[in-house]
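S.K.:
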Amino acid sequence: MKMALDWDAWFACANADPEFALVSRWSDLRLRLVIDGAATDVRLAASTLSRDKGGGDAGTVVLEGAAAAWGDFLQALPARHNHHVLAMNQCRDDFRIADGFHVLVRNLSAITVALELLRASVVTRTEYIA
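22 is the number of the first residue of the sequence shown in the numbering used here; add one for each residue after it.
Structure representation (structure tokens):
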């Protein structure tokens, strides 16, 4: 089972969410999501989530994992130890916070809400998705 993420739907959902706006108003960071080696760079800055275009000196958080780990995390109701990136970092061998742990902790609320909103953007398919 392959997973496709609708990044634009995630950005729209997060940018319209009042909780995300509140908890991320002072955040400025890059979030790199790596799924089976394929990276997507996102910028979280001043209550806005978007594709990262580079530039600036924002801290970076790298979350890296196998598609299976991300698939478990992105379930509508994730199983125990798959509900949060900190739990997965401790309990799974196929997922890790590869870089930026201190940036993650400083922006934990904003990143947590953003990743919860990502769950709403998940599409699963049985065929290969390029």
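No residue lacks a Cβ here, since even glycine has one placed at the ideal position from N, Cα and C.
#1: Which whole-angstrom value describes the C-beta separation of Val-6 and Gly-80, a residue pair presumed to lie in contact below a C-beta threshold of 8 Å?
#2: For Arg-113 and Ala-141, which I take to be in contact (beta-carbon distance under 8 Å), what is that distance rounded to the nearest angstrom?
#3: Taking all protein chains shown into account, do 16 or more other C-beta atoms lie within 10 angstroms of the C-beta of Ala-131, making it buried, or fewer, making it exposed?
#4: Quick one: which unbroken alpha helix (DSSP H) runs of 4-plus residues sit fully inside the region 38–98? Chain order, please.
#5: I need the straight-line Cα distance from Leu-136 to Phe-32, nearest angstrom please.
#6: Where does the unbroken alpha helix (DSSP H) through Arg-127 begin, and where does it stop?
#7: Name the DSSP bridge partner or partners of Leu-26?
#8: In whole angstroms, give me the CA-to-CA distance for Thr-61 and Arg-53.
M.R.: Considering the structure as presented:
#1: Outside the shown range of the chain, which is 22 to 151, sits residue 6, and nothing can be said about it.
#2: The Cβ separation is near 22 Å, so there is no contact.
#3: buried
#4: 39–44 and 88–94
#5: CA-CA distance, Leu-136 to Phe-32, rounds to 11 Å.
#6: Per DSSP, the continuous alpha helix (DSSP H) segment holding Arg-127 begins and ends at 122–127.
#7: Val-143
#8: Rounded to whole angstroms, Thr-61 to Arg-53 spans 6 Å at the Cα level.
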